[in-house]
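The number in my numbering is simply the position in the sequence shown, starting from 1, with 473 added.
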Amino acid sequence: MSISERIRQRRLELGLTLEQIGDRAGISKATVQRYECGNIQNMRQDKIQKLADALEVTPAWLMGWNVQNATAQEIDDVNLLFERPELRTLLLLANDYSREEIEQLIKTLTLFRKHRKLTE
């Protein structure tokens, strides 16, 4: 099922109009309609979160990520990316790095965390 189909299905399950979802999400009725029709392919992350809230679902469900077999911790981890923009920024910055570079960043962040705990 596509994101547009999930949006429409959930809106109808809730018995809400396009306008009501738009009001809840802080977007126009026309934008909600374009999402449902699949005319907008790349949704901004802040819009995904607002739309998920309006539809009373998680962003992971809305995006169609396989959460059936996910643990509660994995779902919480994904939700953190939507709740904390700075974590999204870190993820996006690291996206182009090689595995070795990411492993070095993890080591650096781990050392930073240990140092921070020692100074507290």
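For every residue, glycine included, the Cβ atom is placed at its ideal position computed from N, Cα and C.
Please read all numbers here as calculations on a predicted model, not as lab measurements.
Neighbourhood of residue i by C-beta distance below 7 Å, restricted to the same chain and skipping five residues each side
i, result
"Lys502", "Leu491, Glu492 and Gly495"
"Gly499", "Lys523"
Short Cβ contact (7 Å threshold) for residue i with residue j
i, j, result
"Arg586", "Leu528", "no"
"Leu566", "Leu560", "no"
"Glu509", "Ile476", "no"
Counted within 10 angstroms of its Cβ, other Cβ atoms place residue i as buried (16 or more) or exposed
i, result
"Gln577", "exposed"
"Thr562", "exposed"
"Pro532", "buried"
Inter-residue Cα distance where the pair is residue i and residue j
i, j, result
"Arg551", "Thr544", "Strictly speaking, residue 551 in this sequence is Val, with Arg absent from that position. Approximately 11 Å, taken between the alpha carbons."
"Gly594", "Ile521", "Not covered by the structure: residue 594. The range shown for the chain is 474 to 593."
"Thr592", "Ile579", "20 Å"
"His588", "Asp569", "27 Å"
"Thr512", "Thr504", "Checking the displayed sequence, the identity of residue 512 turns out to be Asn instead of Thr. If you take the alpha carbons of Asn512 and Thr504, they lie about 9 Å apart."
"Lys590", "Ile575", "23 Å"
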